[in-house]
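In my numbering, the protein residues as written are 486 to 656.
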Amino acid sequence: MDISILILSQLIQGNKHGYEIKKNINLLMNRSKPVNNNSLYPMLKQFEASEIVTKTVTAQTGKPDRFVYSITELGKTEFYKILADLSPELVTSDDEFYIRLTFFDLLRPEQQQKVLEYRKTYILDQIHRLNQIVQTIGSSIHMPYSPLLSRYTIRQMECELEILDEMLGEL
């Protein structure tokens, strides 16, 4: 996952210092922890050079200066561009899909529909693939994918399909 959308999503909500950006992203992304200092600060520096963000220095008594980052109008444009850019390949990533759901109301209706339809197609393909695995393997004791796990995963995906259909119906 490209972390630029994650960083910009934090700054579009308001000015933040680097540690706060990193902490919020890692909290939101839970187990995947996509941001560390070695990925965050070079990206912020690149954004600053491209005038996507600005940096102000806040002096702190007895501590190192703190840098506070703000998104520019160009940065907002870039954020919306990245947010709206969703290919059928990107939607296979839960993280990419969830980011778009987080900011779903910022997308135009046709973009919303595209996101949901791409995801629905992906989920249907995955259900079909899992059903094929179950049928192909049958009751083999050497199954790389157990029937219980298949059933569990398919039910999860069927629930997601229901929600996607509801959302498509509301557009």
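In this text, a Cβ means the ideal position worked out from N, Cα and C, and glycines have one as well.
Just how far apart, CA to CA, sit Q617 and E581?
In the sequence shown, the residue the question calls residue 617 occupies position 132. In the sequence shown, the residue the question calls residue 581 occupies position 96. Their Cα atoms are separated by approximately 27 Å.
On the DSSP bridge assignment, give the partners of I556 in chain order.
Taking the first residue of the sequence shown as position 1, residue 556 is located at position 71. Bridge partners of I556: V538.
Whole angstroms are fine: how far does the CA of L601 sit from the CA of L653?
Start at 1 with the first residue of the sequence shown, and residue 653 comes out as number 168. Start at 1 with the first residue of the sequence shown, and residue 601 comes out as number 116. Approximately 7 Å between the Cα atoms of the pair.
Cα separation between T609 and F564?
By one-based count along the sequence shown, residue 609 stands at place 124. By one-based count along the sequence shown, residue 564 stands at place 79. One point to set straight first is that residue 609 is Leu, not Thr, in the sequence displayed. Whole-angstrom Cα-Cα distance: 29 Å.
Within 8 Å, do at least three Cβ pairs link the segment 553-571 to the segment 507-525?
no
Where the alpha helix (DSSP H) through G654 begins and ends
Position 169 of the sequence shown holds residue 654. First-last of the alpha helix (DSSP H) with G654: 632-655.
Could you tell me if the beta carbon of S489 falls within a distance shorter than 8 Å of some heavy atom in the ligand GTP?
The ligand GTP is not among the ligands present in this structure, which contains no ligands whatsoever.
Could you tell me if L568 is buried or exposed, where buried requires 16 or more neighbouring beta carbons within 10 angstroms of its beta carbon?
Here residue 568 corresponds to residue number 83 of the sequence shown, with the count starting at 1. It counts as buried.
Going straight from the alpha carbon of M528 to that of L633, what length do you get?
Position 43 of the sequence shown, counted from the first residue, corresponds to residue 528. Position 148 of the sequence shown, counted from the first residue, corresponds to residue 633. For M528 and L633, the distance between alpha carbons rounds to 43 Å.
In whole angstroms, what is the alpha-carbon distance linking T587 and Q597?
On the sequence shown, position 102 is the one that residue 587 refers to. On the sequence shown, position 112 is the one that residue 597 refers to. Roughly 12 Å between the two C-alpha positions.
Applying the criterion that 16 or more other CB atoms from any shown protein chain within 10 Å of the CB defines a buried residue, is S494 buried or exposed?
Here residue 494 corresponds to residue number 9 of the sequence shown, with the count starting at 1. Classification for S494: buried.
Can you say whether R585 is buried or exposed, counting buried as having 16 or more other CB atoms within 10 angstroms of its CB?
One-based indexing of the sequence shown puts residue 585 at position 100. That one is buried.
Less than 9 Å between the beta carbons of K605 and D650, yes or no?
On the sequence shown, residue 605 is found 120 positions in, with the first residue counted as 1. On the sequence shown, residue 650 is found 165 positions in, with the first residue counted as 1. Yes, the Cβ-Cβ distance between K605 and D650 is below 9 Å.
With respect to the alpha helix (DSSP H) encompassing F505, which residues constitute its N-terminal and C-terminal limits?
In the sequence shown, the residue the question calls residue 505 occupies position 20. The question names Phe, but residue 505 is Glu in the sequence shown. Per DSSP, E505 belongs to the alpha helix (DSSP H) from 503-514.
What are the complete alpha helix (DSSP H) segments, minimum 4 residues, inside the segment 581-617?
none
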